[in-house]
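The sequence shown maps to residues 4 to 267 in my numbering. Using N, Cα and C, we set each Cβ at its ideal position, and we do this for glycine too. Keep in mind the model is a prediction, meaning the values are calculated, not measured.
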Amino acid sequence: MAAEFFNNLKLFLYIQKSNVKTAFLNKADALINVLMMLINNLAFFFMWWVIFQHKGTINGWGIGEMALLYMAINNAFASFALFARGIQALPEYIDNGTLDNYLATPRNPLFMISTSESTFANWGDFLTGLLAFFWSGYLSWTTFFIMLLVSFFAFVILYAYRLIMSSLAFFVSDSQRLGDNVFMAFVTFASQPASIFTGWYKVMFLTVIPAGFISLYPVELIKNFNLTDLGIMVGGCSFFFILAVKFFYFGLRRYTSGNRFGVR
4 MAAEFFNNLK
14 LFLYIQKSNV
24 KTAFLNKADA
34 LINVLMMLIN
44 NLAFFFMWWV
54 IFQHKGTING
64 WGIGEMALLY
74 MAINNAFASF
84 ALFARGIQAL
94 PEYIDNGTLD
104 NYLATPRNPL
114 FMISTSESTF
124 ANWGDFLTGL
134 LAFFWSGYLS
144 WTTFFIMLLV
154 SFFAFVILYA
164 YRLIMSSLAF
174 FVSDSQRLGD
184 NVFMAFVTFA
194 SQPASIFTGW
204 YKVMFLTVIP
214 AGFISLYPVE
224 LIKNFNLTDL
234 GIMVGGCSFF
244 FILAVKFFYF
254 GLRRYTSGNR
264 FGVR
């Protein structure tokens, strides 16, 4: 088990190194894409700044809390886009039979699929997340390490939800658009101030659409770290990750080599 982990880690680092080298074949283009992503994110955050300037707070949330949320969602999405974006292409792999290529390798198929694609421009999301954290007013050495921790778990929940949506392709033909739309709706929910969700909406926010593990608990843990919230976040992320992996392998058992849902 340990040997397999370190072998996969070594392969993962090699893949990321190759992705960076590929992106920097045209350095100007790569850096411009990162810069444009950063500018786009900051423009969106500016709109929230204007709203909070007029509103003051939204159910107890100010611009500082919104900056922490922006940190969490951008770090999570950047991690997904850079290190595991291949999951987004899973429906296409299933429909056209490309999945065979990943099943034929001795490596873990889910690992190979996840790392099969990467978008270098999303380094701009990481920069956005760091800038938002520095600007939030909650900066300290302690909160910096908490930020790294909650960003990781936010990535886990984002990855798990995308994996579930992509694995629907094992059961529903041509589900790429469906998975993309539901996933982007999830990201949109996760980008809203968690304080606006109360009552049953908050329950749904942590179960059916578990965006609260990105927008609520990361913010609360940085503001006031406590083991209860940490336990809820770790438990929730672990549950959805295990559910997603089991759903993927359940669907994989239905897959046959060279599978086609339709004529292309």
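Quiz prompt | As assigned by DSSP and simplified to three states, the class of isoleucine 212 | solution = coil
Self-check item: Complete runs of the alpha helix (DSSP H) confined to the stretch 118 to 186 [at least 4 residues]
Solution: 126 to 138, 144 to 170
Quiz item: Are the beta-carbon atoms of phenylalanine 216 and phenylalanine 243 separated by less than 9 Å?
Solution: yes
Quiz prompt | glutamine 2, buried or exposed, once every other Cβ within 10 Å from all chains shown has been counted against 16 | solution = Only positions 4 to 267 of the chain appear in the structure, and residue 2 is not among them; the question remains open.
Self-check item: Distance CB(leucine 152)-CB(leucine 224) smaller than 9 Å
Solution: yes
Quiz item: My guess is that alanine 124 and methionine 40 are in contact by the Cβ rule of under 8 Å, so how many angstroms apart are they, rounded?
Solution: 5 Å
Exercise. Please confirm whether phenylalanine 156 and valine 211 have their CB atoms less than 9 Å apart.
Key: no
Practice problem: Using alpha carbons as the reference points, say which of Phe129, Gly100, Met74, Gly202 lies closest to serine 139. | Solution: Met74
Exercise. Can you check DSSP and say which residues form a bridge with isoleucine 61?
Key: Trp64
Exercise. Could you give the DSSP three-state label for arginine 110: helix, strand or coil?
Key: coil
Exercise. Quick one: residues in its chain with C-beta nearer than 6 Å to the C-beta of phenylalanine 200, no 5 flanking neighbours on either side, listed in chain order?
Key: Phe208
Quiz prompt | Alpha-carbon to alpha-carbon, alanine 84 and phenylalanine 228 | solution = 28 Å
Quiz item: Going by the CB atoms, is the gap between serine 121 and asparagine 10 shorter than 9 Å?
Solution: no
Quiz item: For alanine 87, does the three-state DSSP call read helix, strand or coil?
Solution: coil
Quiz prompt | Rounded C-alpha distance that separates alanine 33 from alanine 92 | solution = 22 Å
Practice problem: For phenylalanine 89, I'd like the list of residues in its chain whose CB is within less than 7 Å of its CB, leaving aside the five on either flank, ordered along the chain. | Solution: The sequence given here has glycine at residue 89, not phenylalanine. Contacts found: Ile116, Ser117, Thr118, Ser119, Glu120.
Exercise. Between the Cα of leucine 72 and those of Ile54, Lys30, Phe48, spot the shortest distance and give me the residue it belongs to.
Key: Phe48
Exercise. Could you please give the first and the last residue of the uninterrupted alpha helix (DSSP H) stretch that includes glycine 254?
Key: 230 to 255
Practice problem: Kindly indicate which three-state DSSP category proline 196 falls into: helix, strand or coil? | Solution: coil
Quiz item: Is glutamate 68 near valine 222, with beta carbons less than 9 Å apart?
Solution: yes
Quiz prompt | tryptophan 126, buried or exposed, once every other Cβ within 10 Å from all chains shown has been counted against 16 | solution = buried
Quiz item: tyrosine 17 by DSSP, collapsed to three states: which one?
Solution: helix
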